[in-house]
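There are 2 protein chains.
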Amino acid sequence: MNNTPIDSNFYAVIPAGGVGSRLWPLSRVDSPKFLLDFTGSGRSLLRETFDRVAHLVPTQRILVVTGDHHAEAVAHQLPKLAEGNLIAEPSPRESTAAIALAAAIMVNQNPDAIIGSFAADHVIRNEVAFAAAVAEAVRLAASGKVATIGIKPTSPSSAYGYIRVGDAISEVSPQVASFAAEAFVEKPALAIAQGYLDTGNHLWNAGMFVLKASLLLEILGETQPELASGVAAIAASWNTEDREDVLARVWPTLHKIAIDYSLAEPAAAKGLVAVVSAELDWTDVGDFASMSTLHPSDELTHVGPATVVGLESTGVVVSNGKKVIAVSGLTDVVIVETEDALLVTTKAQAQSVKAIVAELDRRGIRDVL
Amino acid sequence: MNNTPIDSNFYAVIPAGGVGSRLWPLSRVDSPKFLLDFTGSGRSLLRETFDRVAHLVPTQRILVVTGDHHAEAVAHQLPKLAEGNLIAEPSPRESTAAIALAAAIMVNQNPDAIIGSFAADHVIRNEVAFAAAVAEAVRLAASGKVATIGIKPTSPSSAYGYIRVGDAISEVSPQVASFAAEAFVEKPALAIAQGYLDTGNHLWNAGMFVLKASLLLEILGETQPELASGVAAIAASWNTEDREDVLARVWPTLHKIAIDYSLAEPAAAKGLVAVVSAELDWTDVGDFASMSTLHPSDELTHVGPATVVGLESTGVVVSNGKKVIAVSGLTDVVIVETEDALLVTTKAQAQSVKAIVAELDRRGIRDVL
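Chains A and B, in that order, are what the protein sequence lines are.
Okay, so the first sequence: first residue is 3 according to my numbering, each after it adds one.
Okay, so the second sequence: first residue is 3 according to my numbering, each after it adds one.
Quick look at the structure:
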């Protein structure tokens, strides 16, 4: 493992957005997934992400991009976040705008800036492998690559996108190695995902990208020229008294596009992408099925202080309430109780929670959303 | 249908006992099944039973037997119950003791008394057929029979005992007829219950018995002589100042036995029993599966004012709370929410609720029992 310090030009960007509506009723518009504690650690996913990154870079080089209305909660959860390193978006405009704005601001401070983007709402338990993977990704980025960190699959999942692995570049540790990345692949059918798992030539795309800020802006200048010039205009005003005016005028015009489409796929097509394969004990906590893998058990597991009695049942019960909860004769059940809502479903139906939220909205039951 | 008034010697006895632990967390030691409203009528099962019987006999001839600690709640729910017609048991001693005491008190007032026993916690929706069946049972009782009312099965249930039907006695109405009763049969296996349904020669035993009080005491004198003399001693003291003393001394010694064993089976063996077959739209509301038949639907039905959203789900949700309840991808689910408890199970597992209550007791979680 490489023990040299990570490049002094490296900055970590944490985009903290998205409600996580598949995790309703825990996640809400006003208390999104990244502000919640899903692991029972006592820290939110955002705080865990910040702390994990703070082991690798000084806090002065960690930026968080979040929505205006969550800025206060984010600042409260991250007392070590440096002054000026919280970028508040006037409205949600997807990941490209968020990361590109951070890159444009950084490149004005340091033309050699390398930025790494790490989602605020994923769980990574193998922090040693994470540190090694980031160091390798930064090394690749410094050499001009678009580096991404791919997760070695542990199951055939059709809930994730994949990265197709090409020629080996280097072996960093038993759990970390780098390769050329041939392509980014959309969420596959389960049978195809099983094939990926069997052959080992595909990794989960966890949305972590590391590259020179200047390269990011250069690629966006080709794929999304209006978006690139928009963030450049905002960044130019960032340390002036015009910031609020320019932000208010330009931000709402930026194209909403995920960074996978604006950056990753075009760069892969040009042969610019390298992938660091890592065993991170990772999950994106995308839904309650994913969340329940954090609490593995053949029995009925529960999260929170509630008294739970299970008879011939498996699954997960989440409650911070005081009710006694009894469950009988249900397999892979998901029960989530909050002060104003109760969800009962199954792991197999975990993705349908998004449809429940849509149905509540349709019926005008919005005080629980 | 017979429109003559029911025999003026007829008294209705309503034994109001039993917690109904298969209906936890709705039913509790302190608020047993018979005190609760399971039909959404706004009246408890006890009150519905009282009102149903009050259509047939004057309230002066309706007696309720219940536990000491429920006497106040019973009196509150039944403002029309006549003074002196509430018999409070110092402790639960099963149905024979309860009904025999009522019979012994009655026979002292009226040697020709005919008593009919009607459980306080069943639902009967066809009140016209019920009236006709009771009138026929009273007629049979006056002629010296032990009359019982048997329910024409509507499904192959292994949750009920059965009565085997013999020779016809008379046809009262399209829904009501009487027969000799050959035997009482314990709860059968499902395949056997299906046979009973197919051949039509067995009725559900709903535990309703009508007979002369003197005959009841005579039979008990043979089958349960100590119990018979015990209740006779209590009844002799009933209108004296010794009542409390005798009750306190004798009651705890009475044998605990269901009236099916002390009366029905021995009388059937002697050829003394007649059964009135009736289509009453009856259910004993024994568990949540039985309860859910009161709210038939192919969708997710709910009882109570809570907001319930179901996606691809069937079953029943019971809640008086204010939570929004969302259910997705569950078949025949049973969800019951009270202020201090939450039950999640399935109709198929409805009988297991009793085991949950036992488990809570075993773990010492008794404040929700």
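Yeah, the Cβ is synthetic: ideal placement off N, Cα and C, and Gly gets one too.
Residue i, enclosing beta strand (DSSP E) - first and last residue
i	result
A/E173	Y164 to S175
A/G366	Taken as a continuous stretch (DSSP letters only), A/G366 belongs to no beta strand (DSSP E), as it is neither H nor E.
A/I151	V148 to I153
B/V275	V275 to A280
Classification of residue i by the beta-carbon crowding that lies within 10 angstroms, buried from 16 upward
i	result
A/N5	Interpretation of A/N5 is limited by its pLDDT of 48, a score under 50 that renders its predicted location unreliable; no figure is taken from the coordinates.
B/M3	At B/M3, the pLDDT of 42 sits below 50, so the modelled position is not reliable; the number obtained from the coordinates is stated separately. Label assigned to B/M3: exposed.
A/E138	buried
B/R364	exposed
A/G189	Looking at the sequence itself, residue 189 of chain A is Lys, so the reference to Gly does not match. Result: exposed.
A/H71	exposed
B/E96	buried
A/L192	exposed
B/A170	exposed
B/S292	buried
A/G42	exposed
A/V31	exposed
B/H57	exposed
B/G372	In the structure as shown, chain B starts at 3 and stops at 371, and residue 372 of chain B therefore has no counterpart that could be examined.
A/G44	exposed
Residue i in three-state terms, based on DSSP
i	result
A/H304	strand
B/K267	This sequence places Glu at residue 267 of chain B; Lys is not what is there. DSSP places B/E267 in helix when its eight states are reduced to three.
B/M3	Only weak support is given to the placement of B/M3: the predicted model assigns it a pLDDT of 42, under 50, and the value that follows is read from those uncertain coordinates. DSSP places B/M3 in coil when its eight states are reduced to three.
A/N207	strand
B/L313	strand
A/A104	helix
B/E188	coil
A/A161	coil
A/T285	strand
B/A122	coil
A/I89	strand
A/A179	strand
B/I194	helix
B/I259	coil
A/A99	helix
Extent of the continuous alpha helix (DSSP H) to which residue i belongs
i	result
A/R251	R245 to V252
B/V370	Here B/V370 belongs to no alpha helix (DSSP H), and DSSP marks it neither H nor E.
A/S294	F290 to S294
A/A144	E129 to A144
Under 9 Å by beta carbon: chain E residues contacting residue i
i	result
A/T316	No chain E appears in the structure shown, which is made up of the protein chains A and B.
Quick one: any contact between the stretch 103-122 of chain A and the stretch 214-230 of chain A, if contact means 3 or more CB pairs under 8 Å?
yes
Unbroken alpha helix (DSSP H) runs of length 4 or more, entirely within the stretch 212-243 of chain A: which are they?
215-225 and 227-238
Secondary structure, beta strand (DSSP E): runs of 3+ residues fully inside the stretch 320-360 of chain B
326-330, 335-339 and 343-348
So, does the stretch 123-132 of chain A touch the stretch 155-164 of chain A, judging by three or more C-beta pairs under 8 Å?
no
Any chance you could list the beta strand (DSSP E) runs of at least 3 consecutive residues sitting entirely within the stretch 5-87 of chain A, in chain order?
12-18 and 64-69
Quick check: the stretch 16-33 of chain A against the stretch 117-127 of chain A, are at least 3 beta-carbon pairs closer than 8 Å?
yes
Does the pairing of the stretch 225-237 of chain A with the stretch 189-202 of chain A give three or more beta-carbon distances under 8 Å?
no
Meets three-Cβ-pair contact criterion under 8 Å: the stretch 297-314 of chain B and the stretch 297-313 of chain A:
no
Stretch-stretch touch, CB-based, cutoff 8 Å, three pairs: the stretch 260-273 of chain A with the stretch 177-188 of chain A:
yes
Between the stretch 243-256 of chain A and the stretch 141-153 of chain A, can you find at least three pairs of beta-carbon atoms closer than 8 Å?
no
Across the stretch 343-351 of chain B and the stretch 324-338 of chain A, are there enough close Cβ pairs to call them in contact, namely three or more that are closer than 8 Å?
yes
Evaluate contact between the stretch 204-218 of chain A and the stretch 65-83 of chain A, counting only Cβ atoms and requiring at least three cross-stretch pairs below 8 Å.
no
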